[in-house]
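Chemist: Starting off with a structure, shown below.
In UniProt numbering, the protein residues as written are 1 to 316.
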């Protein structure tokens, strides 16, 4: 009875299994849809790439099944074949990561991808964790999205600000899934990869700031980015409709008007419980921390890379 196999999602192992082993009544045909088995892709040599949890490996060994470890080597004969194989891989990865099979599968795919494909994996992980957060954490995350968005826009009565305030939880969910689809496009340039990791880190930091899922592998802020760079990038991620323009300094808004605007949002429940500015800066580098005030002239500090600011602070 395959349903009685204990499932451990901590570690997943990759194997190669001949296609004909999936023809009923073979065991693979019976267990391929079980929670401890994930079909990665069909390789070009007539075999499947299969990810299996350790508990299933022990069970399959007890059935005297020979498992061939996979070295994850793909040697296509052309660029087109390479891109096709990588696209199939990313589709399978997305399906597995969104199937609720546990964090062990996150590590499985992270271990086997580099560059643009790795960034695509990270986008899937962070958007999944946001959308599938417990309801109150997701509500607070979205409320902070509204807060940051209308802060960036500045004009609380503008069409863009009103659109953000009126956006429902379901509309945010649809937008975030769409954001994932737009960001997992591959291949990408080296600059796009670095920017992608920074943007992912901004969203992860915002999620962690409201008590959401932590992921230390998504703390990859580019030290060359300035506070203005990060704030503007976050605005574009949140669909503020302002383009890549210089944002206002973080924290420079009318508190009363902000409170009134946030109370109109479905996410506020009448009480706009957003973090105080300095608390939020502990998670995302979109402004200047109190400890950094006075290090550089106020007119410059938002336009200097945060890595450089940290270096100057250590010397003073």
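Every residue gets a Cβ at the ideal spot worked out from N, C-alpha and C, and that includes glycine.
Can you name, in chain order, every residue of its own chain whose Cβ lies under 7 Å from the Cβ of residue 247, other than the five neighbours on each side?
Modeler: Same-chain partners within the cutoff: 152, 228, 231, 232 and 235.
Chemist: Please report how far the alpha carbon of residue 114 lies from the alpha carbon of residue 180, in whole angstroms.
Modeler: In a straight line, the C-alpha of residue 114 is about 18 Å away from that of residue 180.
Chemist: Nearest-angstrom Cα distance between residue 250 and residue 287?
Modeler: In a straight line, the C-alpha of residue 250 is about 5 Å away from that of residue 287.
Chemist: Ignore the nearest five residues each way along the sequence and tell me which others in residue 355's own chain have a CB closer than 8 Å to its CB.
Modeler: One cannot answer for residue 355 here, as it falls past the ends of the chain, which runs 1 to 316.
Chemist: Hey, quick one: how far does the beta strand (DSSP E) through residue 47 stretch, first residue to last?
Modeler: Unbroken beta strand (DSSP E) run through residue 47: 47–53.
Chemist: Give the range of the alpha helix (DSSP H) segment to which residue 111 is assigned.
Modeler: Where residue 111 is concerned, the enclosing alpha helix (DSSP H) stretches over 103–111.
Chemist: Using C-beta distances below 7 Å, list every residue in its chain close to residue 211, excluding the 5 sequence neighbours before and after it, in chain order.
Modeler: Around residue 211: 137.
Chemist: For residue 16, which of helix, strand or coil comes out of DSSP?
Modeler: Residue state, collapsed to three classes: strand.
Chemist: With a threshold of 16 other CB atoms inside 10 Å of the CB of residue 77, please say whether the residue is buried or exposed.
Modeler: Caution is warranted here: a pLDDT of 43 is assigned to residue 77, below 50, making its placement in the model unreliable, and no coordinate value can be reported.
Chemist: When the Cα atoms are used, what is the spatial distance from residue 73 to residue 39?
Modeler: Note on residue 73: pLDDT 41, under 50, position unreliable in the model; no value is reported.
Chemist: What distance in whole Å lies between the Cβ atoms of residue 280 and residue 209, which are believed to be in contact at a cut-off of 8 Å?
Modeler: Going by Cβ atoms, the distance from residue 209 to residue 280 rounds to 6 Å, so yes, they are a contact pair.
Chemist: What are the residues that DSSP puts in a beta bridge with residue 38?
Modeler: Per DSSP, 51.
Chemist: In whole angstroms, give me the CA-to-CA distance for residue 98 and residue 124.
Modeler: Roughly 8 Å between the two C-alpha positions.
Chemist: Is residue 259 helix, strand or coil by DSSP?
Modeler: The answer is helix: DSSP assigns residue 259 an H, G or I state.
Chemist: Between which two residues does the alpha helix (DSSP H) holding residue 30 run?
Modeler: Unbroken alpha helix (DSSP H) run through residue 30: 27–31.
Chemist: So what does residue 154 bridge to, in DSSP terms?
Modeler: BP columns for residue 154 are empty, so no partner.
Chemist: Looking only at its own chain, which residues have a Cβ that is under 8 Å from the Cβ of residue 285, when we skip the five neighbours before and after it?
Modeler: Same-chain partners within the cutoff: 221, 225, 227, 230 and 306.
Chemist: Does the stretch 258–270 come into contact with the stretch 195–206, if we say contact requires no fewer than three beta-carbon pairs (one atom in each stretch) closer than 8 Å?
Modeler: Counting Cβ pairs under 8 Å, fewer than three are found: no touch.
Chemist: Grab me the residues of residue 207's own chain with a C-beta within less than 6 Å of its C-beta, minus the 5 sequence neighbours each way, in chain order.
Modeler: Excluding positions up to five away in sequence, the list reads 130 and 141.
Chemist: If you draw a straight line from the C-alpha of residue 93 to the C-alpha of residue 85, how long is it?
Modeler: Between residue 93 and residue 85, the C-alpha separation is close to 12 Å.
Chemist: Give the C-beta separation of residue 165 and residue 184 to the nearest angstrom, bearing in mind that I take them to be a contact with Cβ-Cβ under 8 Å.
Modeler: In fact, because the Cβ distance is near 29 Å, the residues do not count as touching under 8 Å.
Chemist: Using CA coordinates, which residue listed in 57, 58, 21 and 146 is at the minimum distance from residue 42?
Modeler: For the residues 57, 58, 21 and 146, the minimum Cα distance to residue 42 belongs to 21.
Chemist: Which of the three DSSP states, helix, strand or coil, is assigned to residue 212?
Modeler: It is coil, neither helix nor strand.
Chemist: Output the distance between the C-alpha atoms of residue 273 and residue 217, rounded to the nearest integer angstrom.
Modeler: Their Cα atoms are separated by approximately 28 Å.
Chemist: On the DSSP bridge list, what partners appear for residue 168?
Modeler: In the DSSP output, where bridge partners are listed per residue, residue 168 has none listed.
Chemist: Would you identify the three-state DSSP class for residue 305, choosing helix, strand or coil?
Modeler: Reduced to three states, the DSSP call for residue 305 is strand.
Chemist: In terms of residue numbering, what span does the alpha helix (DSSP H) encompassing residue 132 cover?
Modeler: Careful: residue 132 lies outside any alpha helix (DSSP H) and carries neither H nor E.
Chemist: Let's see if you can read the secondary structure: which residues bound the alpha helix (DSSP H) around residue 228?
Modeler: 227–237 is the span of the alpha helix (DSSP H), which, as asked, contains residue 228.
Chemist: Here's a check: name, in chain order, each residue in its chain whose Cβ is nearer than 6 Å to the Cβ of residue 205, leaving out the five neighbours to either side.
Modeler: Counting only Cβ-Cβ distances below 6 Å, and skipping sequence neighbours, we find 283 and 284.
Chemist: Return the first residue and the last residue of the alpha helix (DSSP H) that residue 279 is part of.
Modeler: Taken as a continuous stretch (DSSP letters only), the alpha helix (DSSP H) holding residue 279 covers 277–280.
Chemist: Quick one: residues in its chain with C-beta nearer than 7 Å to the C-beta of residue 18, no 5 flanking neighbours on either side, listed in chain order?
Modeler: The answer, listed in chain order, is 46 and 47.
Chemist: From the DSSP output, in three-state form, read off residue 175 for me.
Modeler: It is helical.
Chemist: Quick check on this structure: which residue in 257, 91 and 13 has the alpha carbon closest to the alpha carbon of residue 104?
Modeler: For the residues 257, 91 and 13, the minimum Cα distance to residue 104 belongs to 13.
Chemist: Which class does residue 117 belong to by DSSP, given the choice of helix, strand or coil?
Modeler: Helix.
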